[in-house]
Structure formats: structure tokens, C-alpha cells
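Asker: In the UniProt record's numbering, the protein residues as written are 1 to 170.
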Amino acid sequence: MGDPEGEVPVEWFSGLGKEALHDFLAARIDILVISLPLTEQTRGMLGKEEFDVLAKHSPYGGAFISNIARGEVINQDELIAALKTEGSGVRGAALDVSIPEPLPTDSALWEAPNCFITPQNSSQNIKYMSRGLQIMVENLRKSLWIPSSSTRSILHAAIDGTWPRFPVVF
């Protein structure tokens, strides 16, 4: 899985302003993954103007957009319009964020072509919390040099529900 040989080209965008963003979007992007915080600078960062840049420069006339950031980073109405329009710069979208959350059943986003919508916690399963706790405890043990026998009792207490209801300091 992934790209162990490092053959898939990857570019990172870090900058401010429309000009820098448009320069990045003009770099023949096929898949655009959005992962950034919601700030005043990032609110509405992507919309029709940016989709037009993608349409002009993407190898297939548009990019597939995956938004794992915040719904407000993309102008949702303009995204819906782009998904419904051939050659708009958006070939499809995978979203685990929307405006609002949860997405109402009557939202036009549900009917947009090539749009895949998942809940923001779609990666969670029945063992999500206990596995996350195991990883956290192991990382704490490694970083604080706690003997593994100590972390085992902490871990078992956390998993079986006997974890104290007050802050614990290691």
C-alpha cells in the first residue's frame, strides 16, 4: 500500500494569498488533499476561481478533491456546481466534512455526481478508543522511560473501566 518506491509525485502547498495558491494549483494536480486548520485566512479558500485554475492546468481537466480539513475551507455551493458541470476543474470529491455537520438529508451535496461523503469519524470502529489508548500509553512509556510493567497496569485499568476519574500524573 502507499508509495514505497516514492514514484508518485507529491507537492506541498504552504503560503498565503491567492496568487501563491493559484501557482500551486497550476502545477498539474490530479488529486488535491486538503488538510489544514480553519482560520480567517483559510475560510472559503477554494471556490470557483480555484476550480477554474484546476480545469486549465490539471492533466485530466480537473482534480479529484479530498477534504479532511473543515467544510468551510471550500465554498460548498461552488463545489456542488462544479461537481455538476463537466470541465469545471473538479472531477470528484471525497468529503468527511461539510457545512453544516452533520449534513442535512436535503442537502444538494448528497445528489452531486462523483461525490463521496463519509462521517468525520469514519475511521472509528469498535476497538478505536482502546487501540488509541494502547498507542498513547506505549508512547508515554517510551518517552518517559516508564518500565513496561507499570504501563501494563495503567493500560488494563483504562481498558477494563477501572481507570480513575481524576487526572493521573506520571
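In this text, a Cβ means the ideal position worked out from N, Cα and C, and glycines have one as well.
1. Could you check if Gln41 is buried or exposed, using at least 16 other CB atoms within 10 Å of its CB as the buried criterion?
2. Which first and last residues belong to the alpha helix (DSSP H) in which Ala20 is found?
3. If you compare alpha carbons, which of Arg70, Gly92, Ser130 and Glu138 is closest to Pro102?
4. Would DSSP call Leu54 helix, strand or coil?
5. So, using beta-carbon positions, are Val90 and Gln120 closer together than 9 Å?
6. My understanding is that Leu21 touches Val73, with C-beta atoms under 8 Å, so please give their C-beta distance in whole angstroms.
7. Starting from the Cα of Phe116, find the closest Cα among Ile80, Thr85 and Met45 and give me that residue.
8. DSSP beta-bridge partners for Leu36?
9. Closest to Ala27 by CA distance: which of Gly47, Thr39, His57 and Glu19 is it?
10. Return the residue from the list Ala93, Val10 and Leu38 that minimises the CA-CA distance to Asn67.
11. Using only alpha-carbon positions, find the residue among Phe51, Met129 and Gln134 that is nearest to Ile31.
12. Quick check on DSSP: helix, strand or coil for Gly92?
13. As a quick exercise: from Glu19, Ile29 and Ile34, pick the residue whose alpha carbon is nearest that of Glu49.
Answerer: Judging by the given coordinates:
1. exposed
2. Lys18 to Leu25
3. Arg70
4. helix
5. no
6. So it is not a contact: roughly 12 Å between Cβ atoms.
7. Ile80
8. In the DSSP output, where bridge partners are listed per residue, Leu36 has none listed.
9. His57
10. Ala93
11. Phe51
12. strand
13. Glu19
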